[in-house]
Every structure is written in C-alpha cells, then in structure tokens.
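Below you'll find the structure, written out as structure tokens, and then a few comments.
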Amino acid sequence: MRLSRDVAGPCLAPHGSVVAVGAFDGLHRGHQTLLAKVRERAQALDCTPAVVSFEPLPRTFFSPEPVPRLSSVREKLKGFAAAGMAQTLLLRFNRALTAMPAEDFVRRVLCDRLATREVWVGGDFRFGHKRGGDVALLERMGRELGFAACTMPAVQLHGARVSASRVRALLAAGEFAGAEPLLGRPFVIDGKVEYGNQLGRTLGYPTANIHLQQRVSPVQGIFAVRVGLGEGECSWPGVASLGVRPTVNQVSQPLLEVHLFDFDGDLYGQRMAVEFVAKLRDEQKFDGLEPLKAQMHLDACRARELLGMNPRLIAT
Numbered sequence: 001m002r003l004s005r006d007v008a009g010p011c012l013a014p015h016g017s018v019v020a021v022g023a024f025d026g027l028h029r030g031h032q033t034l035l036a037k038v039r040e041r042a043q044a045l046d047c048t049p050a051v052v053s054f055e056p057l058p059r060t061f062f063s064p065e066p067v068p069r070l071s072s073v074r075e076k077l078k079g080f081a082a083a084g085m086a087q088t089l090l091l092r093f094n095r096a097l098t099a100m101p102a103e104d105f106v107r108r109v110l111c112d113r114l115a116t117r118e119v120w121v122g123g124d125f126r127f128g129h130k131r132g133g134d135v136a137l138l139e140r141m142g143r144e145l146g147f148a149a150c151t152m153p154a155v156q157l158h159g160a161r162v163s164a165s166r167v168r169a170l171l172a173a174g175e176f177a178g179a180e181p182l183l184g185r186p187f188v189i190d191g192k193v194e195y196g197n198q199l200g201r202t203l204g205y206p207t208a209n210i211h212l213q214q215r216v217s218p219v220q221g222i223f224a225v226r227v228g229l230g231e232g233e234c235s236w237p238g239v240a241s242l243g244v245r246p247t248v249n250q251v252s253q254p255l256l257e258v259h260l261f262d263f264d265g266d267l268y269g270q271r272m273a274v275e276f277v278a279k280l281r282d283e284q285k286f287d288g289l290e291p292l293k294a295q296m297h298l299d300a301c302r303a304r305e306l307l308g309m310n311p312r313l314i315a316t
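Numbering-wise (the working numbering), the sequence shown opens with residue 1 and increments by one.
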C-alpha cells in the first residue's frame, strides 16, 4: 500500500480510483464493509482501490478535551492494507484543511489527486469548511466532473447501528465481549515495549511497558489480557494495568503495563499486541507498596482464573 499525506501533488491514481472517505477510527464492521465494497468496485472498474482519511481525527482536532480513540495511526494503516487498499491519502487535519471549502476538497483531493471514478461514503457524511459538503453536493459535482457518488447503508448488529461511539462506550464499560462483534475482532492495543523504572520487578510482577504518548485509550483499569509478541497471535496470558499509577504517581501520561504469566525473556524493543479479555477493577490509590502488592497478587489470581489457568493459592 502506498501512503501520501498532502493535498497538493501529482495524481496518485493515473488510471482512476474508487475511493472511500472517512475518519475510520477502529476500522469496525461498518468500515470493513465499506472498504470491501471499494475493493470490489475497483476490481470491476480495473482501477485503484483508495482511501482518504485524516490525522489527527477531526473530532480530536475540534475537541477542547482529550478524546479516546480505538486505534493508533499505525493500526489504522495496517487495517487499510489488510482491507486491500492500494493507496491511502492520510491528510493532515489542520487549520488549512478545515478552511478548505467542500467544492475545493472535491476538485483538489478527489479529482486532481485521485482521479476518482466512484467515491463511497456513509449516508451522514459531511466535509469541508464548516461541514458544508454532504452527499448531495458530491452527487451534484460528480455529475459535473465525471464521477459517481455512492453511499453505504449503515451496518446493523442486534438491531442497532455499528459505530465507533458505540464501540467506545462498550469498551469503557468493560464489555469486551459486546464490543468484539462490532469491531469484527477483539480489542487490541499494539506498541513497542519500552524501559520503565522496574518497580513491578521489585514487587514480584515484572512488566512490559507500552507508552501511549498522546493517544487516549477508551479503557482504563486492571485487566486480564492475552499478548501477542512480534507478529504472533495474542495467546500468551497475562494481567495488565492501563492508567497513571496513582499509588506511585510516577507517570503523567497513561501507561500500559503488562505482566506475562510464567514468561522468562527480554521484551525490550519488541512490538507487542495486548488483547483485552476482561476488566478486573478500576485503578485505585493504595496506602503504600505493601497493600498494592497484595492487590496485585489478587488481580493475578483472578486473571489466571478468567483465562482458564490455575489461579494458584492466594497467600494469607
């Protein structure tokens, strides 16, 4: 898959393209259906399957408060590639882009950059300066400029629309089993293992740490997890904490700390995927390290039980 970032530049699809446009946070079942249609239509028209998306996410750009997101930029791009997109135009969502009239977006991005023959969006799609563009504008300009504007009906599951906001709400409530059918896969956070202060090792629970940087996770707390190392499947059992470590108060940005059960090895610098299986509890502040250590032992035993392992005897 080829990746480009700029509005200006040469045509990225000289033989024409079929294009999906959207934020695509989480690449849930609705997004997957849309991208599958784009790939199918591109094959039928013998042209390039392409996607236009935005970073940062538009709702993040406009919100004064931190906004949770379901997938990192890397995870989103991997999802585009897996869906068969040959070209991604990941536009920088900044003040210049928000000031662009919808008509200019159609001409400069869809026509000049992608030679669009069909553009596929959701029925409620809005774009351009002050959200002035909609499907009706795409249809009108398509007749003028020679492309078709197509809408994808919302994907329904259990009588309700599949949406990123619905997935985020389920994850925040710890309803991972409910979120999985909407995502079409388990919820996973992927990242590179970095050095920490090794406090977990002194407490008997060494952890592999993933710094989320500016990404705001929809989940916080203590969890039973399964871990995938490198490109492997998420199969190694563990217990994880995602938050700001209130007892030791040593991080200002959220940190994902994962203890892999019965693991002996060096993970620093490796990529690790963490699948969230069940929420054990919320983060809480303990009165010192000994109460924290006792709770960590209880959490580990509960996680082992939930993951189908021997929970071991709880020390008294």
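For each residue, glycine too, the CB sits at the ideal point set by N, CA and C.
Counterpart residues of residue i in DSSP-defined beta bridges
i      : result
GLY122 : MET152
GLU33  : Rather than Glu, the amino acid found at residue 33 in this sequence is Thr. According to DSSP, THR33 bridges with nothing at all.
VAL239 : ALA224 and HIS259
MET272 : GLY191 and LEU229
VAL52  : VAL21 and LEU89
GLY133 : PHE127
SER4   : LEU89
THR116 : SER17
8 Å contact criterion, which residue i and residue j should meet: CB distance rounded
i      : j      : result
VAL121 : THR88  : In fact, because the Cβ distance is near 16 Å, the residues do not count as touching under 8 Å.
PHE147 : ARG117 : 5 Å
ARG69  : ARG215 : 6 Å
GLY132 : ALA102 : 5 Å
LYS285 : GLY174 : 20 Å between Cβ atoms; not a contact.
PRO56  : VAL38  : Actually they are not in contact, since the Cβ atoms of PRO56 and VAL38 sit about 23 Å apart, beyond 8 Å.
Spatial neighbours of residue i in its chain, beta-carbon cut-off 6 Å, leaving aside the 5 residues before and after
i      : result
SER241 : ILE222 and GLU257
ALA303 : ALA224 and VAL239
THR60  : VAL67
VAL193 : ALA208, LEU267, TYR268, GLN270 and MET272
ALA8   : none
VAL162 : HIS28, ARG29, GLY30, VAL155 and LEU182
LEU307 : ALA224 and PRO237
Residues near residue i by beta carbon distance below 8 Å, same chain, minus five either side
i      : result
GLY178 : LEU170
VAL135 : VAL121, GLY123, PHE125, ALA149 and THR151
GLN253 : HIS211, LEU212, GLN213, GLN214 and VAL244
TYR195 : ASN209 and TYR268
GLY16  : LEU45, CYS47, THR48, ALA115, THR116 and ARG117
Close Cβ partners of residue i (< 7 Å) along its chain, the five nearest in sequence each way excluded
i     : result
PRO58 : ALA23 and PHE93
Could you pull out every unbroken alpha helix (DSSP H) segment of at least 4 residues lying fully inside the region 66–101, listed in chain order? 73–82 and 95–98
Pairing CB atoms from the region 186–193 with CB atoms from the region 272–287, are three or more of them under 8 Å? yes
Three Cβ pairs or more, each shorter than 8 Å: is that satisfied between the region 277–290 and the region 206–214? no
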